[in-house]
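Have a look at the structure below, then the notes.
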Amino acid sequence: MAEDCISNIPNFWTHYRLINNKLKKRFLRKPNIAECCEQFGQLSIQCLREDIPLYSGLCYIAASQCESQLNNFNGEAWAQVNAGQLFLKAHIKEETLKLLSPGGGEQLEAALSLFQSSENIWKKNKYDGVLAASLYLQIASDLLLLTDKYELSAEYFDKASKLLSDSPHNQLHALLQLATCKLKMGHHIGALDTFNEIVSVVNLICEEPYGVYSDIILRCEINRIMLLLLIRPPLQRLAQPMTAVLEKYNWLGDKNKSPGI
Numbered sequence: 000m001a002e003d004c005i006s007n008i009p010n011f012w013t014h015y016r017l018i019n020n021k022l023k024k025r026f027l028r029k030p031n032i033a034e035c036c037e038q039f040g041q042l043s044i045q046c047l048r049e050d051i052p053l054y055s056g057l058c059y060i061a062a063s064q065c066e067s068q069l070n071n072f073n074g075e076a077w078a079q080v081n082a083g084q085l086f087l088k089a090h091i092k093e094e095t096l097k098l099l100s101p102g103g104g105e106q107l108e109a110a111l112s113l114f115q116s117s118e119n120i121w122k123k124n125k126y127d128g129v130l131a132a133s134l135y136l137q138i139a140s141d142l143l144l145l146t147d148k149y150e151l152s153a154e155y156f157d158k159a160s161k162l163l164s165d166s167p168h169n170q171l172h173a174l175l176q177l178a179t180c181k182l183k184m185g186h187h188i189g190a191l192d193t194f195n196e197i198v199s200v201v202n203l204i205c206e207e208p209y210g211v212y213s214d215i216i217l218r219c220e221i222n223r224i225m226l227l228l229l230i231r232p233p234l235q236r237l238a239q240p241m242t243a244v245l246e247k248y249n250w251l252g253d254k255n256k257s258p259g260i
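FYI, numbering that gives the first Met the number 0 numbers position 83 of the sequence shown as 82, with every residue one higher than the one before it.
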């Protein structure tokens, strides 16, 4: 589809190759890598204005290679992130318009590969965990726009929650989304564990839940009861918090009892 639309940008490949040729070493002449990197960025913006995210992503990959030659690991990683997000956008666009060919998904695979590559670069250079967590949350949210990609979304929400362990308020958002993904995937035990973790995080934030935290605790209790009824684990294998939840609502099964009796 992108190739059909590329006529909107006159001589795209001519411009691309022209910039790329400037990177080649010549006798007594050193290539201006920084200038080429900037020009790839400009070409990417032009492609994006024409709503051709795939070609815009290709420009960012070229820019990433330039950043690598400049030993700018952060610029290299972010260029790969931008390319990955654009490939993901291209995939979402084609899926929405029902233009994906059978077995298609190369753009999605390329996006995930780029995200992993940028993550590896950051890890190697002791990256900022909160910054990476924000990226993972964005990726996970974008993946939710795709059909049946809850497992992939859950993977990124899980990564984000682990990186945000020192920021419980922000961690809650990632965990709540993770629990929702696991419910949609039918991973009842995993969802139960996540709701337990959410309760623990809320208790870290405040001893007596109030306002939105009370709502979160109530949501967790309802889901935990429903999941326990689905899973039906042996009582002797239940953790103490789960036993307490069951005991709290045990009166529901006895017509002769009422709350507080």
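C-beta atoms are modelled at their ideal positions from N, C-alpha and C, and glycine is treated no differently.
- Scanning its chain for C-beta atoms nearer than 7 Å, with the 5 sequence neighbours on each side dropped, one finds around His187 the residues Leu226, Leu229, Ile230, in chain order.
- A distance below 9 Å separates the beta carbons of Leu136 and Ala159.
- If you check the CB distance, Gly56 and Leu85 come in under 9 Å.
- Comparing alpha-carbon positions, the option among Tyr59, Lys29, Glu49 lying closest to Tyr15 turns out to be Tyr59.
- Residue Cys36 holds the alpha-carbon nearest to the alpha-carbon of Ser67 among Pro167, Cys36, Ala82.
- Annotated as proximal: Asp157 and Leu177, with beta-carbon spacing under 9 Å.
- Contact check between the stretch 114-125 and the stretch 91-106: fewer than three CB pairs, one atom from each, fall below 8 Å, which does not count as touching.
- In summary, Glu105 is exposed, with fewer than 16 beta-carbon neighbours lying within 10 Å of its beta-carbon over all protein chains present.
- For a cut-off of 8 Å, the C-beta gap from Ser117 to Gln79 is around 4 Å, short enough to register as a contact.
- Minimum Cα-Cα distance from Lys183 among the listed residues Ile197, Ala153, Asn195, Glu207 corresponds to Ala153.
- Between Ala132 and Leu98, the C-beta gap is not smaller than 9 Å, which leaves the two residues out of contact.
- Leu175 places its beta carbon less than 9 Å from that of Ile215.
- Remark: C-beta atoms of Trp121 and Ala62 do not approach each other more closely than 9 Å.
- Annotation for Asn10: no alpha helix (DSSP H) segment contains it, and DSSP assigns it neither H nor E.
- Across the structure, Asn169 and Tyr54 are spaced so that their CA atoms are roughly 34 Å apart.
- With a cutoff of 9 Å on beta-carbon distance, Ile51 and Gln38 are scored as not near each other.
- Taken atom to atom, the span from the alpha-carbon of Asp192 to that of Ser213 is near 19 Å.
- Per DSSP, reduced to three states, the secondary structure at Arg25 is strand.
- Take Lys24, set aside five residues on each side of it, and the residues of its chain with a beta-carbon closer than 7 Å to its own are Pro30, in chain order.
- Closest in alpha carbon position to Glu49, among Asn71, Glu206, Phe11, is Phe11.
- Annotated three-state conformation of Thr193 is helix, per DSSP.
- If only complete runs of 4 or more residues are kept, the stretch 159-208 shows the alpha helix (DSSP H) at 167-184, 187-204, in order along the chain.
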